[in-house]
Amino acid sequence: MTDTADRVEKETPPTGPQLRVAGMEFDLDFARWRDFSLVPVIFVLGVIGFIVSPAFLTSDNLIGVVQQSTELGLLVLGEALILISGRMDLSLESTIGVAPVIALWLVLPASGRFTGLELLPSWMSVPVCLAVGGLIGLLNGFLILKLRVNGFIATLGMLTMLRGLHVGISEGQSIVTVPDSFAYLGRADWVGVPAAVWLCLGLFAIGGVVLGYFRHGRALYAIGGNPEAARAAGIRVDRITWVVLCVGGMLAAFAGVLYTGHYGSVSANQGNGWIFQVFAAAVIGGISLRGGRGTLFGALTGVLTLQLVINVMTLGGVPALWTQFINGAIIIVALVISRFASGEKQD
Amino acid sequence: MHAAVRAEGVVKRFGPTTALDGVDLTVRPGEAHALVGRNGAGKSTLVSVLTGMARPDAGSVTFGGEPAPPYGDTSAWRAKAACVYQKSMIVPDLTVAENLYLGRFPGTGPIRWRELRARARELLAEYGVDVEPGERAKDLGVEQRQFVEIARALSFGARLIILDEPTARLDAGGIERLFAKLRELQEQGVAFLFISHHLQEVYELCDTVTVYRDARHIVTAPVAELPKAELVAAMTGEGAVADGASAALVSQAGEPVEEREPVLRTEGLALAGAYEPVDLAVRPGEVLGLAGAAASGNTAIGETLVGMRAPDGGRISVGGRAVRTGSVPDALEAGIGYVPEDRHRQGLVLTRSVAENATLTVADQLGPYGTVLPSRTREFAQGMIDSLDIKTSGPGQEVTGLSGGNQQKVVIARALARDPGVLVAIRPTAGVDVKSKDALLGVVRRVADGGAAAVIVSDELDDLRVCDRVLVLFHGRTVAEFGSGWSDRELVAAMEGFVPGAGDGVAAGKTEES
Numbered sequence: 001m002t003d004t005a006d007r008v009e010k011e012t013p014p015t016g017p018q019l020r021v022a023g024m025e026f027d028l029d030f031a032r033w034r035d036f037s038l039v040p041v042i043f044v045l046g047v048i049g050f051i052v053s054p055a056f057l058t059s060d061n062l063i064g065v066v067q068q069s070t071e072l073g074l075l076v077l078g079e080a081l082i083l084i085s086g087r088m089d090l091s092l093e094s095t096i097g098v099a100p101v102i103a104l105w106l107v108l109p110a111s112g113r114f115t116g117l118e119l120l121p122s123w124m125s126v127p128v129c130l131a132v133g134g135l136i137g138l139l140n141g142f143l144i145l146k147l148r149v150n151g152f153i154a155t156l157g158m159l160t161m162l163r164g165l166h167v168g169i170s171e172g173q174s175i176v177t178v179p180d181s182f183a184y185l186g187r188a189d190w191v192g193v194p195a196a197v198w199l200c201l202g203l204f205a206i207g208g209v210v211l212g213y214f215r216h217g218r219a220l221y222a223i224g225g226n227p228e229a230a231r232a233a234g235i236r237v238d239r240i241t242w243v244v245l246c247v248g249g250m251l252a253a254f255a256g257v258l259y260t261g262h263y264g265s266v267s268a269n270q271g272n273g274w275i276f277q278v279f280a281a282a283v284i285g286g287i288s289l290r291g292g293r294g295t296l297f298g299a300l301t302g303v304l305t306l307q308l309v310i311n312v313m314t315l316g317g318v319p320a321l322w323t324q325f326i327n328g329a330i331i332i333v334a335l336v337i338s339r340f341a342s343g344e345k346q347d
Numbered sequence: 348m349h350a351a352v353r354a355e356g357v358v359k360r361f362g363p364t365t366a367l368d369g370v371d372l373t374v375r376p377g378e379a380h381a382l383v384g385r386n387g388a389g390k391s392t393l394v395s396v397l398t399g400m401a402r403p404d405a406g407s408v409t410f411g412g413e414p415a416p417p418y419g420d421t422s423a424w425r426a427k428a429a430c431v432y433q434k435s436m437i438v439p440d441l442t443v444a445e446n447l448y449l450g451r452f453p454g455t456g457p458i459r460w461r462e463l464r465a466r467a468r469e470l471l472a473e474y475g476v477d478v479e480p481g482e483r484a485k486d487l488g489v490e491q492r493q494f495v496e497i498a499r500a501l502s503f504g505a506r507l508i509i510l511d512e513p514t515a516r517l518d519a520g521g522i523e524r525l526f527a528k529l530r531e532l533q534e535q536g537v538a539f540l541f542i543s544h545h546l547q548e549v550y551e552l553c554d555t556v557t558v559y560r561d562a563r564h565i566v567t568a569p570v571a572e573l574p575k576a577e578l579v580a581a582m583t584g585e586g587a588v589a590d591g592a593s594a595a596l597v598s599q600a601g602e603p604v605e606e607r608e609p610v611l612r613t614e615g616l617a618l619a620g621a622y623e624p625v626d627l628a629v630r631p632g633e634v635l636g637l638a639g640a641a642a643s644g645n646t647a648i649g650e651t652l653v654g655m656r657a658p659d660g661g662r663i664s665v666g667g668r669a670v671r672t673g674s675v676p677d678a679l680e681a682g683i684g685y686v687p688e689d690r691h692r693q694g695l696v697l698t699r700s701v702a703e704n705a706t707l708t709v710a711d712q713l714g715p716y717g718t719v720l721p722s723r724t725r726e727f728a729q730g731m732i733d734s735l736d737i738k739t740s741g742p743g744q745e746v747t748g749l750s751g752g753n754q755q756k757v758v759i760a761r762a763l764a765r766d767p768g769v770l771v772a773i774r775p776t777a778g779v780d781v782k783s784k785d786a787l788l789g790v791v792r793r794v795a796d797g798g799a800a801a802v803i804v805s806d807e808l809d810d811l812r813v814c815d816r817v818l819v820l821f822h823g824r825t826v827a828e829f830g831s832g833w834s835d836r837e838l839v840a841a842m843e844g845f846v847p848g849a850g851d852g853v854a855a856g857k858t859e860e861s
């Protein structure tokens, strides 16, 4: 009977395969459309912004919006990679603060307002900051993958502990001296657009290419979708997850560099409470909390949506006391829209 | 007397597809009625209709002569019919007693645990189920869990129990006990609708069989009047071909297999608590069967061979090269392909496409410098789809949308992607329809004929029939070895630990082999 089936397929000349190819392309297109589900939302926000204020469609304002999106964007990038591989890391919001603080502590001289240790030369500050982020990811990985404790609670503990470390080292004060390398990355303009924006887009692009076209990137989807199946297919699940956690920590630390550099200081609550925005942006952008699903393009549109909402509200003169309420409400509305636009349940 | 359930002219459509096209079904009280059909025949949809989970577009359903409750009245439906699904509908962390009374605790106010347990004990005793009500549901064995679910259904007043593949996860002893219990309940007037791919069981248990094909009712007949070949023909819509197909599965190797140098060898491979030291040697072109009931150790051996489990000691080698035990990547590298036991648990990433699943093991061969090129992936997957005859709309389709048999083919494609010298398949045909079963086993046979060594780990006689040689495990020990000429009875007896005249079985197997 298999023979007959084979023959039938071979004997139906060109139309069979062609139809099949056409069907496949349709499928791919359809899958791609899902990632664009927030694009109309962004467009509508743009129209609203245009109606609300003539200042909206100026290059200054729009560059401001993307500039402010960079730090959140990098956290979302890290979290998206971690969520796609089926894990979560809450401690990213503390990493964005504590990594620069530790770097500054090791680099700054004891003479200023902040008593640093001056153990390392100033140029080491950015590498040290990234290393701290990587180390935090390493520790998270050790807790989750070696000790097999619950990832949610482990990283929640890390969140609190790292926040405490941050406050302890900085003695609860803002650190207002930053190394030149931080200041450059946070403030420089390249071709009229902040360097931070280029860097952020570049990292998203690299991430997108790795996820789409490299085997270790593809492996994240397999690991998040079904870790047992990934293991049975010879993928080194734990090792790759561990690397992803480290990369997430490093991205958060790099966000810390840009944020610190941009504002020229580290406050004691840098990043405090951001993790909710990070998750909101990721989920609105189509990243599944259960792993194995989502794209970085979607995550990026999630970030832009949230930032545009804030921008439009500011321009529209929403009273400051009400912004939090409206921000939360809009996250929920955006979530519902993206849920139905993509047609997938997000539980 | 009225029928326990009578469905007439039931039509159910999902968008453009018609899942049920005017089907009929009548189950009399106290009858064990089998509903068989290949995947996609409409069985599951009918179950949804009979349990009130789906509203038919046309047709009528009556229970004991009365019209079915209105759609959405869950408690009324529960008093009519209940389904014991393959997936448990029991809350694992609650006790048996709580599960039995979930959502309908007796009395108001705080729960009186002692009373609840006493009632549960009574209820279980009424149906002769020997389970301690204080035990947690997750600690129950599969068959005990099913008994509890059946008892719960009966306690709602249901007199029609639908069993969806109830034996898929049971060993032979468990199946025996389940059937005994079902017959006992039948005598009390309970009707069963039995859905199974396992046709042998249909003949053992059921009085009547109904066959659906492509959403249509094909035939209903007493099992005694419908020989196996005709039943298969009704299911597949083709002439009776069972014998021809089996013949194709017998070794085609030209040169006698015995003279070749073994590809896969194990020496003293052991894992405490799972199996005792085992020495295997599988030659190119040979299919070795590892038979045994659940927990006999055969699955554990299979999983050790592919690196999913690390043994306590012993060596594995492929073509003379030692394989690092307990490492899947190393086993893959050595050329061991793996078809895991449970395609949902270990086989597939359900959210991803056919192409991605099929190429999961060859991601390093789809582009330079660690890249995975989509065009190469699609091309590779399309080759697999063609050669294994996977029914799909294209490589981009998500595997969730495929039928069970085609999903299993994707798992096999993944195992074959690296052109393995050794193929290890654990229960490769679990939960697939008759036609896919032959196709899947045919693939294993072809791989062996192509010069690879294959190991099939299973307790399904149909799987083992493909094998040139079968080792039977019982409680971690190899108790018998058969050549190709075994009879079903011998093999089943050995899997149950009844080796005919102890050592005789082994001796007999050896003689047949030479």
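Residue numbers (the working numbering), protein chains in the order written: chain A, 1 to 347; chain B, 348 to 861.
Cβ atoms here follow ideal geometry from the backbone N, Cα and C, with glycine treated the same way.
Checklist entry - Using a Cβ-Cβ cut-off of 8 Å (strictly less than) and excluding sequence neighbours within five positions of residue 746 of chain B, which residues of its own chain qualify? => result 695, 696, 697, 699, 700, 701, 704, 754, 757
Next on the checklist: Short of 7 Å Cβ to Cβ, which residues in the segment 747 to 774 of chain B face chain A?
Outcome noted: 761
Item to check | Endpoints, the alpha helix (DSSP H) within which residue 550 of chain B is located | outcome: 546 to 552
Checklist entry - Thinking C-alpha only, which one of B:468, B:354, B:380 is nearest residue 368 of chain B? => result B:354
Next on the checklist: Using a 10 Å radius around the Cβ and a threshold of 16 neighbouring Cβ atoms, would you call residue 499 of chain B buried or exposed?
Outcome noted: Residue burial is scored here from C-beta neighbours: residue 499 of chain B has at least 16 other C-beta atoms within 10 angstroms and is therefore classed as buried.
Checklist entry - Can you find a C-beta in chain B that's less than 7 Å from the C-beta of residue 214 of chain A? => result yes
Checklist entry - Are the C-beta atoms of residue 593 of chain B and some chain A residue less than 7 Å apart? => result Here residue 593 of chain B scores only 47 on pLDDT, less than 50, and its place in the model should not be relied on; the value that follows carries that caveat. Answer no: the Cβ-Cβ gap between residue 593 of chain B and chain A never drops below 7 Å.
Checklist entry - Closest by CA to residue 204 of chain A, which one among A:68, A:56, A:63, A:75? => result Taking only the C-alpha atoms, the option nearest residue 204 of chain A is A:75.
Checklist entry - List, in order along the chain, the chain B residues whose C-beta lies closer than 8 Å to that of residue 218 of chain A? => result In chain order: 703, 710, 719.
Next on the checklist: Rounding to the nearest angstrom, what Cα-Cα distance links residue 209 of chain A and residue 276 of chain A in this structure?
Outcome noted: 27 Å
Next on the checklist: Tell me the rounded alpha-carbon separation between residue 541 of chain B and residue 298 of chain A.
Outcome noted: Between residue 541 of chain B and residue 298 of chain A, the C-alpha separation is close to 46 Å.
Checklist entry - Cα separation between residue 445 of chain B and residue 642 of chain B? => result 29 Å
Next on the checklist: Cβ closer than 7 Å: which chain B residues qualify as neighbours of residue 294 of chain A?
Outcome noted: Within chain B, no residue comes near residue 294 of chain A; the closest Cβ sits about 10 Å away, beyond 7 Å.
Checklist entry - How would you label residue 21 of chain A, buried or exposed, when you count the other beta carbons within 10 angstroms and need 16 or more for buried? => result With a pLDDT of 40 at residue 21 of chain A, under the threshold of 50, the predicted position of this residue should be treated as unreliable, and no value is reported.
Checklist entry - How would you call residue 313 of chain A, buried or exposed, if buried means at least 16 neighbouring beta carbons within 10 angstroms? => result By the neighbour-count definition (other C-beta atoms within 10 Å, threshold 16), residue 313 of chain A is a buried residue.
Checklist entry - Based on the DSSP output, what are the partners of residue 190 of chain A in its beta bridges? => result A:193
Checklist entry - Which value, in whole angstroms, describes the spacing of the CA atoms of residue 130 of chain A and residue 813 of chain B? => result 58 Å
Checklist entry - So what does DSSP say about residue 154 of chain A, is it helix, strand or coil? => result helix
Next on the checklist: Suppose only complete runs of 4+ residues qualify. What are the alpha helix (DSSP H) ranges in the segment 717 to 741 of chain B, listed by chain order?
Outcome noted: For the segment 717 to 741 of chain B, whole alpha helix (DSSP H) runs of length 4 or above, ordered along the chain, are 721 to 735.
Checklist entry - If you pair each beta-carbon of the segment 275 to 294 of chain A with each one of the segment 329 to 337 of chain A, do three or more pairs fall below 8 Å? => result They touch, by the three-pair rule.
Item to check | Contact set between residue 622 of chain B and chain A, taken where Cβ atoms lie within less than 8 Å | outcome: The contacting residues do not exist; residue 622 of chain B stays about 20 Å from chain A at best.
Checklist entry - For residue 663 of chain B versus residue 613 of chain B, is the C-beta spacing smaller than 7 Å? => result yes
Item to check | First and last residue of the uninterrupted beta strand (DSSP E) at residue 821 of chain B | outcome: 816 to 821
Checklist entry - Less than 7 Å separating the beta-carbons of residue 775 of chain B and residue 683 of chain B? => result no
Checklist entry - If you measure beta-carbon to beta-carbon, which residues of the segment 778 to 790 of chain B are closer than 9 Å to chain A? => result 782, 785, 786, 789
Checklist entry - Can you pull the DSSP bridge partners for residue 559 of chain B? => result In the DSSP output, where bridge partners are listed per residue, residue 559 of chain B has B:564.
Next on the checklist: Do residue 829 of chain B and residue 839 of chain B count as a contact pair if the criterion is CB distance below 7 Å?
Outcome noted: no
Next on the checklist: For a contact defined as C-beta to C-beta under 7 Å, what are the partners of residue 698 of chain B on chain E?
Outcome noted: No chain E is present in this structure, whose protein chains are A and B.
Next on the checklist: Looking at chain B, is there any beta carbon in it that lies within less than 7 Å of the beta carbon of residue 157 of chain A?
Outcome noted: no
Item to check | Contact set between the segment 661 to 677 of chain B and chain A, restricted to residues whose Cβ is under 8 Å from the partner | outcome: Going along the segment 661 to 677 of chain B in chain order, one finds 675, 676 with a Cβ nearer than 8 Å to chain A.
Checklist entry - Where does residue 173 of chain A land, buried or exposed, given buried means 16+ other C-beta within 10 angstroms? => result Residue 173 of chain A counts as exposed, since fewer than 16 other C-beta atoms from the protein chains shown sit within 10 angstroms of its C-beta.
Item to check | 7 Å CB neighbourhood of residue 144 of chain A in its chain, flanking five on each side removed | outcome: 87, 151, 154
Next on the checklist: Would residue 715 of chain B pass as an interface residue toward chain A - the criterion being a Cβ-Cβ separation below 7 Å?
Outcome noted: no
Checklist entry - Going straight from the alpha carbon of residue 473 of chain B to that of residue 379 of chain B, what length do you get? => result Taking the straight line joining both Cα atoms gives about 21 Å.
Checklist entry - Which partner residues of residue 380 of chain B appear in the DSSP bridge assignment? => result B:540, B:555
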